[in-house]
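Student: First residue of the sequence shown: 1, per the numbering used here; consecutive thereafter.
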Amino acid sequence: MADRAPRTLWHGRMASGPDESLLAFTESFSFDIRLWRDDIDGSRAHVEGLGQAGILAGADVGAILAALDRVADEFASGSFVPVPTDEDVHTAIERRVTELAGSAGARMHTGRSRNDQCVTALRLWVRRELREVAESVIGLCDTLGRLADEAGTDDDGAVVPGYTHVQRAQPVLLAHHFLAHGWALARDADRMAEALARADVSPLGAGALAGSTLPLDPVANAARLGFAAAFDNSLDAVSDRDFVAEALFCLVLAGTHLSRIGEEFVLWTSSEFGFAVLDDRYATGSSMLPQKKNADIAELARGKVGRLIGNLVSVLTVLKGLPLAYNRDLQEDKEPLFDSVDTVKRAVRAIDGMVSTATFSRDAMARAAVGGAIAAVDVAEWLVARGTPFRDAHAVVGRLVRESAGDDERLAALVAAELGEDAASLLDGRQGLLRRTSHGASGPSAVRAQRVRYAERLASLRRRFGDR
Ligand code: ARG
Numbered sequence: 001m002a003d004r005a006p007r008t009l010w011h012g013r014m015a016s017g018p019d020e021s022l023l024a025f026t027e028s029f030s031f032d033i034r035l036w037r038d039d040i041d042g043s044r045a046h047v048e049g050l051g052q053a054g055i056l057a058g059a060d061v062g063a064i065l066a067a068l069d070r071v072a073d074e075f076a077s078g079s080f081v082p083v084p085t086d087e088d089v090h091t092a093i094e095r096r097v098t099e100l101a102g103s104a105g106a107r108m109h110t111g112r113s114r115n116d117q118c119v120t121a122l123r124l125w126v127r128r129e130l131r132e133v134a135e136s137v138i139g140l141c142d143t144l145g146r147l148a149d150e151a152g153t154d155d156d157g158a159v160v161p162g163y164t165h166v167q168r169a170q171p172v173l174l175a176h177h178f179l180a181h182g183w184a185l186a187r188d189a190d191r192m193a194e195a196l197a198r199a200d201v202s203p204l205g206a207g208a209l210a211g212s213t214l215p216l217d218p219v220a221n222a223a224r225l226g227f228a229a230a231f232d233n234s235l236d237a238v239s240d241r242d243f244v245a246e247a248l249f250c251l252v253l254a255g256t257h258l259s260r261i262g263e264e265f266v267l268w269t270s271s272e273f274g275f276a277v278l279d280d281r282y283a284t285g286s287s288m289l290p291q292k293k294n295a296d297i298a299e300l301a302r303g304k305v306g307r308l309i310g311n312l313v314s315v316l317t318v319l320k321g322l323p324l325a326y327n328r329d330l331q332e333d334k335e336p337l338f339d340s341v342d343t344v345k346r347a348v349r350a351i352d353g354m355v356s357t358a359t360f361s362r363d364a365m366a367r368a369a370v371g372g373a374i375a376a377v378d379v380a381e382w383l384v385a386r387g388t389p390f391r392d393a394h395a396v397v398g399r400l401v402r403e404s405a406g407d408d409e410r411l412a413a414l415v416a417a418e419l420g421e422d423a424a425s426l427l428d429g430r431q432g433l434l435r436r437t438s439h440g441a442s443g444p445s446a447v448r449a450q451r452v453r454y455a456e457r458l459a460s461l462r463r464r465f466g467d468r
């Protein structure tokens, strides 16, 4: 049986083939098949390097490259057939190249280990995928900028209550609120760009852990693969998964920002708030309650952060305490990474669609954002402008609010009686909003200036991602 069965890469060392339980437990082909394109790119660079160094004859290089092209076609068309001993995608590709190219194929792995090979492929994958995520995040930033423009930044722009502790605190421009989420996501894209810069290092040529006696040129191979640099230390090259942990952190923080948008939409679309209505394409119904329209995208943006956090913790736990250099534990880097990339990609798309098609009720927001005690601090600051120490002004207005017992008209009457009509007129909230003009504040002129800076930030992020 062992003779005819497909052989492991290490069959020479073993008297018998592997037990089925070993294959079932240790295989990664079922998920690292997603790396096929990247493995083939890495293998091309390696084989070209072997040719350049004179380690492989030109004919062998040609035969291997042709076989790699063929294998790429097989993966792309879905016709690639794995065998049980293809424990991972790297093994599968080498096995198939050897079937196609014969003895030339058997030379492909010269000077290489799966330890540098698998992490080369994974870095190539991250470089492509994290960039795609970042670009979609920037797209969502654009959507939020557009929503801010639609909400308006003139003196009659839409107003929404700003909250602290989920208690109405001060009125702000709705545009200001949208941009607040936009800045958080812009930082996510920025963070991804920085993580990508650190991921942009080629480990190819580190071998199993110590480099090679063959005249390989890792720097030339790095350039072949378009990496910014080659590794500096072979032990570090095969054991470093910082780029995975960093990508996962970028993804979980972006997911966290999406969850905060989601939570607000859950609140805003409730009957209690009535600030927003979802487009039917981005809402779900109830199987039993005919009247229901639910914000499931928003809820899952919240709910899926659980797995994103889990994925980061899972990889950090694998890395913690691992001795140098490669250990098989490192194979556990992939599934959490794939899952977080998939989850955040889908979440960004769905949230983008949900927010960009929602209808916002300016009236409901305005009713909640003006009148009553929401402008209490404006009255206190009015007193400050007339020489009262802030602490005393706070106490005076606080007492009037308490005496009004939640009755807006009574508060207006009390303020008018004690401080005069000018002070009472501030209670509509609009006046105070218009006067919040300092840098980064929520009033119209400040928000217009902020909007310009926001557009500049997005343009600079685009330039950062534009050059590859
Ligand atoms: N599938 C493995 C991984 O992803 C490849 C490397 C295996 N190396 C080894 N020496 N067993 O980490």
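Note that beta-carbon positions come from the ideal geometry of N, C-alpha and C, so glycine has one too.
Spatial neighbours of residue 358 within its chain, please: C-beta separation below 7 Å, excluding the five flanking residues on both sides.
Tutor: Excluding positions up to five away in sequence, the list reads 276, 277, 278, 279.
Student: Quick one, are the C-beta atoms of residue 234 and residue 211 less than 8 Å apart?
Tutor: Yes, the Cβ-Cβ distance between residue 234 and residue 211 is below 8 Å.
Student: Taking the continuous alpha helix (DSSP H) assigned at residue 219, which residues delimit it?
Tutor: Note, residue 219: alpha helix (DSSP H), 218-224.
Student: First and last residue of the alpha helix (DSSP H) that includes residue 343?
Tutor: Run containing residue 343: 334-357, per the alpha helix (DSSP H) assignment.
Student: Could you tell me which of 262, 322, 321 sits nearest to residue 294, measuring between CA atoms?
Tutor: Checked all of 262, 322, 321; the closest Cα to residue 294 is 262.
Student: What I want to know is whether the C-beta of residue 114 ends up closer than 7 Å to one or more non-hydrogen atoms of the ligand ARG.
Tutor: The answer is yes for residue 114.
Student: Checking 8 Å against the spacing of the C-beta atoms, do residue 101 and residue 63 come in under that value?
Tutor: Yes, the pair counts as a contact, with Cβ atoms nearer than the cut-off.
Student: Which residue or residues does DSSP assign as beta-bridge partners of residue 360?
Tutor: Paired residues: 276.
Student: Please classify residue 468 as buried or exposed, where buried requires at least 16 neighbouring CB atoms within 10 angstroms.
Tutor: In this predicted model, residue 468 has a pLDDT of only 48, less than 50, meaning its place in the structure is not dependable enough to derive any value.
Student: From the DSSP output, read off the bridge partner residues of residue 163.
Tutor: In DSSP, residue 163 forms a bridge with 168.
Student: Can you list, in chain order, the residues of its chain whose CB lies under 7 Å from that of residue 366, leaving out five sequence neighbours each side?
Tutor: These residues qualify, in order along the chain: 159.
Student: Hey, could you find the ends of the alpha helix (DSSP H) residue 108 is sitting in?
Tutor: Per DSSP, residue 108 belongs to no alpha helix (DSSP H) and is neither H nor E.
Student: Closest by CA to residue 222, which one among 449, 458, 41, 465?
Tutor: When only C-alpha atoms are compared, the closest one is 41.
Student: Alpha carbons only, please: which of 199, 282, 349 is nearest the one belonging to residue 248?
Tutor: Closest option to residue 248, Cα to Cα, is 199.
Student: Can you list, in chain order, the residues of its chain whose CB lies under 6 Å from that of residue 309, leaving out five sequence neighbours each side?
Tutor: Excluding positions up to five away in sequence, the list reads 252.
Student: So, helix, strand or coil for residue 70, using DSSP?
Tutor: It is helical.
Student: Using the Cα positions of residue 323 and residue 206, report the straight-line distance between them to the nearest angstrom.
Tutor: Approximately 17 Å between the Cα atoms of the pair.
Student: Nearest by alpha-carbon distance to residue 43: which of 28, 98, 21 is it?
Tutor: Checking every option, the nearest Cα to that of residue 43 belongs to 98.
Student: For residue 186, collect the residues of the same chain with a Cβ closer than 6 Å to its Cβ; drop the 5 residues on either side in sequence, then sort them by chain order.
Tutor: Within the same chain, residue 186 has close Cβ partners 141, 457.
Student: Within the present structure, is the beta-carbon of residue 37 separated from the nearest heavy atom of the ligand ARG by less than 7 Å?
Tutor: False, no ligand heavy atom lies under 7 Å from that Cβ.
Student: For residue 454, report the span of its alpha helix (DSSP H) as first-last.
Tutor: First-last of the alpha helix (DSSP H) with residue 454: 444-466.
Student: Please tell me whether residue 274 has its Cβ less than 8 Å away from any Cβ of chain D.
Tutor: The structure shown contains no chain D; it holds only a single protein chain.
Student: So what does residue 202 bridge to, in DSSP terms?
Tutor: 230.
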